[in-house]
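To start, the structure itself, in structure tokens.
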Amino acid sequence: MAAGDSESVDHFVELELSLSQVKAIFVLAQAPDPLPIHALAERMRLSVAATGRTVDLLVTAGLAERRENPADRRVKLVTITQAGLDATEAHIEAKKNAMRAQIGRLDAAEADRLHDALIPLLRCSPLEQELSA
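Residue 1 is where the sequence shown starts when you use UniProt numbering, and the numbers rise one by one after that.
Here it is as structure tokens:
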């Protein structure tokens, strides 16, 4: 495992999160509104039961909140907490730092080749397409 990988994994190991829990946190972090558990399950490609267990553990850890939908009390809505957002941001920052460290080890010619190789990838990225529209 590369050093950058172990740093970001260690962060989630410290929180004692499973891969499903990590995935759920990132899905919730990207959701603009609270998600019904069945919608979270669809996005995670898990069963509603498995997603419900995942959410239970995230709620216990203080990383997510669950409440009834006021329009339909049978439906439970899930949102990420500030602690959950902090965990996702810490993970992303650890990934960025690891990438910077790896790139910092390149000599000038290697850095130029990497730059040239990334340009076509960045041109077709969803963010670039959104900014160009």
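Backbone N, C-alpha and C define an ideal beta-carbon position, used for all residues, glycine too. On a predicted model such as this, the values are computed, not experimentally measured, just so you know.
Identify the residues that DSSP records as bridge partners of residue i: which are they?
| i | result |
| --- | --- |
| residue 65 | 79 |
| residue 33 | In the DSSP output, where bridge partners are listed per residue, residue 33 has none listed. |
| residue 72 | 69 |
What's the C-alpha gap between residue i and residue j?
| i | j | result |
| --- | --- | --- |
| residue 88 | residue 29 | 8 Å |
| residue 125 | residue 115 | 15 Å |
| residue 80 | residue 109 | 43 Å |
| residue 61 | residue 23 | 15 Å |
| residue 70 | residue 20 | 27 Å |
| residue 77 | residue 68 | 6 Å |
| residue 101 | residue 74 | 49 Å |
| residue 48 | residue 41 | 5 Å |
| residue 13 | residue 104 | 27 Å |
| residue 119 | residue 111 | 13 Å |
| residue 91 | residue 117 | 26 Å |
| residue 121 | residue 113 | 13 Å |
| residue 72 | residue 97 | 44 Å |
| residue 45 | residue 106 | 38 Å |
| residue 94 | residue 27 | 19 Å |
Could you pull the start and end residues of the alpha helix (DSSP H) that residue i belongs to?
| i | result |
| --- | --- |
| residue 56 | 48-60 |
Out of the options, state which residue places its alpha-carbon closest to the alpha-carbon of residue i.
| i | options | result |
| --- | --- | --- |
| residue 43 | 60, 58, 57, 25 | 25 |
| residue 58 | 37, 94, 32 | 37 |
| residue 63 | 72, 27, 85 | 85 |
| residue 54 | 93, 16, 103 | 16 |
| residue 66 | 82, 112, 34 | 34 |
| residue 18 | 82, 56, 123, 99 | 56 |
Counting only runs of 4+ residues fully inside the segment 90-124, write out the alpha helix (DSSP H) ranges in chain order.
108-123
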